[in-house]
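What follows is a short report on a single structure.
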Amino acid sequence: MQFTVRVLGRMSGDVVAQRTADALGIFNSTPQFLSNERWEIEVVLPDEVEDDVESGPDGEIASSWVLLCDSVGDDDSGVEATADLERVRRSLLDAGASEVLIETLAP
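In our numbering, each number is its position in the sequence shown, counted from 1, plus 47.
This is the structure we're talking about:
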């Protein structure tokens, strides 16, 4: 299953990636691409905010980020994936996101 997670609120991309990795138990990753046996996630800057990026101590800071998520496990119903993404949503809100929107993409 594929999902898009839109993270709103001025945050560092590195913080978005780290909080996502922590919520999913991903330990070996790069800031832009997170993966484990259940997930492949790319952290990207949406086109509409490219002019709104500044450098900070934790990498690029922008008003929104997008997580392109591909659930690669055996969870055909999406129940486990949805629970995982809910943990990600709570983690990002705790880190300062103003809103986190999760969208399931059609197969």
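Backbone N, C-alpha and C define an ideal beta-carbon position, used for all residues, glycine too.
I'd like the span of the beta strand (DSSP E) that includes residue i, first residue to last.
i    : result
S118 : G106 to S118
S138 : Where S138 is concerned, there is no enclosing beta strand (DSSP E), although the alpha helix (DSSP H) it sits in stretches over V126 to D141.
Following the continuous alpha helix (DSSP H) through residue i, name the residue where it begins and the one where it ends.
i   : result
S59 : From DSSP, S59 is part of no alpha helix (DSSP H) but of the beta strand (DSSP E) over Q49 to S59.
Could you name the residues that DSSP lists as bridge partners for residue i?
i    : result
E101 : I108
V147 : V54
Kindly indicate which three-state DSSP category residue i falls into: helix, strand or coil?
i   : result
E84 : coil
T77 : coil
Starting from the C-beta of residue i, find all residues in its chain whose C-beta is less than 6 Å away, skip the five residues before and the five after it, and write them out in chain order.
i    : result
V100 : E107 and A109
E64  : With the sequence shown as reference, residue 64 is identified as Ala, and Glu is not the correct amino acid for it. So the qualifying residues of the chain are P78 and V90.
Quiz item: So, do the stretch 134-152 and the stretch 75-87 have three or more beta carbon pairs nearer to each other than 8 Å?
Solution: Taking 8 Å as the limit for Cβ pairs, the verdict is that the stretch 75-87 does not touch the stretch 134-152.
Quiz item: Are there three or more Cβ pairs, one per stretch, closer than 8 Å when the stretch 93-111 is compared with the stretch 127-140?
Solution: Output reads no: the stretch 127-140 does not touch the stretch 93-111.
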